[in-house]
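Visitor: Heads up: take any position in the sequence shown, counting from 1, add 1182, and you land on the working numbering.
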Amino acid sequence: MRENNNNRPEPDNDSNTIGFGSVSGHGGVSSSLYTPPCPDQVLENVLENVLHFLTCRRDRNAASLVCKSWYRAEALTRSDLFLGNCYAVGPARVTERFKRVRSVLIKGKPRFADFGLMPMNWGAHSTRWLSAFSQAYPWLEKIHLKRMTVTDFDLELISKSLSSLKELILVCCEAFGTSGLAVLASKCRQLRVLDLFEDEVNDDEVDWISFFPESGTCLESLSFECIDFPINFNALEKLLARSPNFKKLRVNRCVSIDQLYRLMVRAPQLTHLGTGAFSPSEIWQPSEQDLDYRAAFAACKSLVCLSGFREIAPVFLPAIHPVCANLTSLNFSYANINAEELRSVICHCHNLQIFWVLDTVGDEGLQAVASNCNDLRELRVFPIDAREDSEGFVSEVGLLAISEGCRKLHSILYFCQRMTNAAVIAMSKNCPDLVVFRLCIMGRHRPDHITNEPMDEGFGAIVMNCKKLTRLAVSGLLTDKAFEYIGQYGKLVRTLSVAFAGDTDMALKYVLEGCPKLLKLEVRDSPFGDSVLRAGLPHLYNMRFLWMSACRLTLPACRQIAREMPHLVVEVFTNRMEAVDDKEEFVDTCYMYRSLEGPRTDAPEYVRIL
């Protein structure tokens, strides 16, 4: 969230009143008795009506910077609040400026926390935010928290203070359990969406599913794929029966395919389904042997999204064939299936736009995707074995096939063990509309495995030919030349992730000086040192954050940045400091982010705020 420059001059009042004098008409009142409203007030009234149609948050931020009148009008009309860093601003400043917020999305830890690079108990506590919102926005309808610490107390606070809450979405959050979920389910009577994605949920041995109202609910979406322990299935079945508006249901691995059958019969109107284990229960009843799973899927004529497939038994895959033609999203990222098993399904999925899969399908499986899914917009290929010395199952062959068959592709995440420049160059030419390109070559400094050359030309082609690119992840053997390409052509890149790459500090200097839109820079295990920070001084205030771990940064250099940039918070994780000599220490991790509030007060002992 950007703050307005209050020193901007007020606009010319005469120019604001042109054309508005007669608009604010008096409705029959004598002109001698009519007192026209303040010109500024007229402008703000008009602006409020116009700004309601401005939905993009970047456009709104830009509008708020025009002048004081636009700043005030934009604040009064903003109903959706987005905070990319929970420490960038304080709750008091937010609630004082924005008075009519109905929906909030707050992010806590940086993305590298997903890879285990963020120490435990780092922070990103949601309590202070939820406490402020409960006072300022008792009418709040939607809360979306990502990578934050959410406790049972927080969920209880939501339940007691926000009676109008309709949606709660928690992504990669931790510290809460089934006790908090039970309170939430029982108190929030207007709740339509309760979605838990990749959260760490504690088992308090509380049957939280049974706490939803007995007299019928407003539930439309319930997702709990991330919960690792059993739930009360009978209570879930009854909840589904008394929730006529249910559209999205994602169950966990403890729900077997025979139980899934019962749920689908109860709710054939589902549009999104997370299948759970997709294998039989351990206690197999004779009567269940004759269950017609294929018919159950065929009855769900509105189904467009399938996920789950944990602990999959491939023999049941034909059951989903009746819905494949309607699917726009299919997630096999937990399904250990091979190319032949995938081919039997994907040949029916001609309308697929989003596809996630494990690399066990191999290049042959990706070739089948390329042949059948010409409308694909997003592809993610995850490794079943993320070790650097694993052999992997996919290569440049699969990437090349995708680029030739899926030319509408907008986003790709591709984990592999080997790659070639030729395949990446082909993708840049065949898929020029790419917005997100994340190629993760596992292992350190791996070159083009055919020519043994660095991967510079491949990534260079991506930024040259994909003019819409905003997110880029690079890996493999890269020299400074690749980063020179990024700085020269990546003018729209907002997020750059670097792993095991680069020769000298010039690499990041090219990026910082050449990418004017850069907001997030994530670097790990690369040979970049102090001069990068000094060169980046003019650019750091325009960025949301800079993360550098296992690089060549020293503590004195980080201290210098903290002194010279008072509105930049510089955190150093000191759990693995290496003493070099009496004057220098290489820091394990440095995390820098801009903040209007200054250093936080909840940092754990291992975090040093400079």
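For every residue, glycine included, the Cβ atom is placed at its ideal position computed from N, Cα and C.
All figures in this text were calculated on a predicted structure; none of them were measured in a lab.
Going by DSSP, what residue range makes up the alpha helix (DSSP H) through N1416?
Guide: Note, N1416: alpha helix (DSSP H), 1415 to 1423.
Visitor: Can you tell me whether C1506 is helix, strand or coil according to DSSP?
Guide: C1506 falls in the helix class under three-state DSSP.
Visitor: Just to confirm my understanding: we take R1525, look at its own chain, exclude 5 residues before and 5 after, and list those with CB closer than 6 Å. What are they?
Guide: Around R1525: A1550.
Visitor: Just reading off the alpha helix (DSSP H) that W1311 is part of, what are its end residues?
Guide: Run containing W1311: 1309 to 1318, per the alpha helix (DSSP H) assignment.
Visitor: Mapping DSSP to helix, strand and coil, what is A1711?
Guide: With the sequence shown as reference, residue 1711 is identified as Gly, and Ala is not the correct amino acid for it. In the structure shown, G1711 sits in a strand (DSSP, three-state: E or B).
Visitor: By how many angstroms is the C-alpha of A1478 removed from the C-alpha of V1447?
Guide: Taking the straight line joining both Cα atoms gives about 6 Å.
Visitor: What residues are listed by DSSP as bridge partners for Y1775?
Guide: Paired residues: F1727, V1751.
Visitor: What does the alpha-carbon distance come out to for the pair L1339 and S1405?
Guide: Cα-Cα distance, rounded: 21 Å.
Visitor: Return the CA-CA distance between C1355 and D1440, expressed in angstroms with no decimal places.
Guide: In a straight line, the C-alpha of C1355 is about 30 Å away from that of D1440.
Visitor: Using a 10 Å radius around the Cβ and a threshold of 16 neighbouring Cβ atoms, would you call N1231 buried or exposed?
Guide: Label assigned to N1231: exposed.
Visitor: Flag this pair as yes or no: are the beta carbons of C1506 and T1453 separated by less than 8 Å?
Guide: Not a contact, by the Cβ cut-off of 8 Å.
Visitor: What is the residue span of the alpha helix (DSSP H) that L1737 lies within?
Guide: First-last of the alpha helix (DSSP H) with L1737: 1737 to 1746.
Visitor: With DSSP run on the structure shown, which of helix, strand or coil describes H1326?
Guide: Reduced to three states, the DSSP call for H1326 is strand.
Visitor: Just to check my reading of the structure: C1443 and L1473 have Cβ atoms closer than 8 Å, yes? What is that Cβ distance to the nearest angstrom?
Guide: For clarity, residue 1443 is Tyr in the given sequence; the question names Cys instead. At roughly 5 Å, the Cβ-Cβ gap stays under 8 Å, so Y1443 and L1473 are in contact.
Visitor: Count the other C-beta atoms from every protein chain shown that fall within 10 angstroms of the C-beta of D1385, then say buried if there are 16 or more, exposed otherwise.
Guide: With fewer than 16 Cβ atoms within 10 Å of its Cβ, D1385 is classed as exposed.
Visitor: Grab me the residues of A1274's own chain with a C-beta within less than 8 Å of its C-beta, minus the 5 sequence neighbours each way, in chain order.
Guide: The answer, listed in chain order, is A1314.
Visitor: Consult DSSP for T1661 and reduce its assignment to one of helix, strand or coil.
Guide: Correct three-state label for T1661: coil.
Visitor: Could you give the first and the last residue of the continuous beta strand (DSSP E) run that contains V1606?
Guide: Segment 1603 to 1612 is the alpha helix (DSSP H) holding V1606; no beta strand (DSSP E) there.
Visitor: Quick one: using the 10 Å Cβ neighbour count with 16 as the cut-off for buried, is Y1671 buried or exposed?
Guide: Buried, by the Cβ-count rule.
Visitor: Could you tell me the distance, in whole angstroms, from the CA atom of G1272 to the CA atom of L1778?
Guide: So the two alpha carbons sit approximately 8 Å from each other.
Visitor: What whole-angstrom Cβ distance do F1665 and V1693 have, given they're in contact under 8 Å?
Guide: The pair is a contact, with the Cβ atoms about 6 Å apart (cut-off 8 Å).
Visitor: Going by beta carbon distance, what residues of the same chain come within less than 8 Å of P1629, once the five residues before and after it are set aside?
Guide: If we look at P1629 and ignore the five residues flanking it on each side, its Cβ neighbours are E1635, P1636, M1637, G1658, L1659.
Visitor: Nearest-angstrom Cα distance between I1519 and L1591?
Guide: Taking the straight line from one Cα to the other gives about 24 Å.
Visitor: May I have a chain-ordered list of the beta strand (DSSP E) segments no shorter than 3 residues that lie completely inside the segment 1632 to 1678?
Guide: Counting whole runs of 3 or more residues, the segment 1632 to 1678 contains the beta strand (DSSP E) stretches 1653 to 1656.
Visitor: Tell me the DSSP secondary structure of G1780 in three-state form.
Guide: In this structure, G1780 counts as coil in the three-state DSSP scheme.
Visitor: Is N1612 near E1586, with beta carbons less than 8 Å apart?
Guide: In this structure, E1586 lies closer than 8 Å to N1612 by Cβ.
Visitor: Considering only the alpha carbon of each residue, which of F1514, C1697, V1543, T1510 lies closest to E1522?
Guide: It is V1543.
Visitor: Rank S1577, E1380, P1301, S1403 by C-alpha distance to the C-alpha of R1374 and give the top, closest one.
Guide: Comparing Cα-Cα distances from R1374 to each of S1577, E1380, P1301, S1403, the minimum goes to S1403.
Visitor: Whose CA, out of S1345, S1343, S1346, V1383, lies closest to the CA of G1362?
Guide: Looking at the Cα atoms, V1383 is the closest of the given residues.
Visitor: Along the chain, which unbroken stretches of the alpha helix (DSSP H) at least 4 residues long are found entirely within the segment 1531 to 1569?
Guide: Whole alpha helix (DSSP H) segments, 4+ residues: 1544 to 1554.
Visitor: Kindly indicate the opening and closing residues of the alpha helix (DSSP H) around F1479.
Guide: From DSSP, the alpha helix (DSSP H) with F1479 extends over 1475 to 1481.
Visitor: Check each candidate in E1787, T1783, T1677, W1390 and name the one with the smallest Cα separation from F1294.
Guide: Ranking E1787, T1783, T1677, W1390 by Cα distance to F1294 puts T1677 first.
Visitor: Can you round the beta-carbon distance between C1408 and D1381 to whole angstroms, since I take them to be within the 8 Å contact cut?
Guide: About 5 Å separates the two Cβ atoms, so the contact holds.
Visitor: So if DSSP puts H1454 in a beta bridge, which residue, or which two residues, is it bridged to?
Guide: Per DSSP, K1430, C1487.
Visitor: Give the single residue among P1614, V1579, R1589, R1626 whose Cα lies nearest to the Cα of N1603.
Guide: Comparing Cα positions, the closest option is V1579.
Visitor: Taking all protein chains shown into account, do 16 or more other C-beta atoms lie within 10 angstroms of the C-beta of T1360, making it buried, or fewer, making it exposed?
Guide: Buried, because 16 or more other Cβ atoms sit within 10 Å of the Cβ of T1360.
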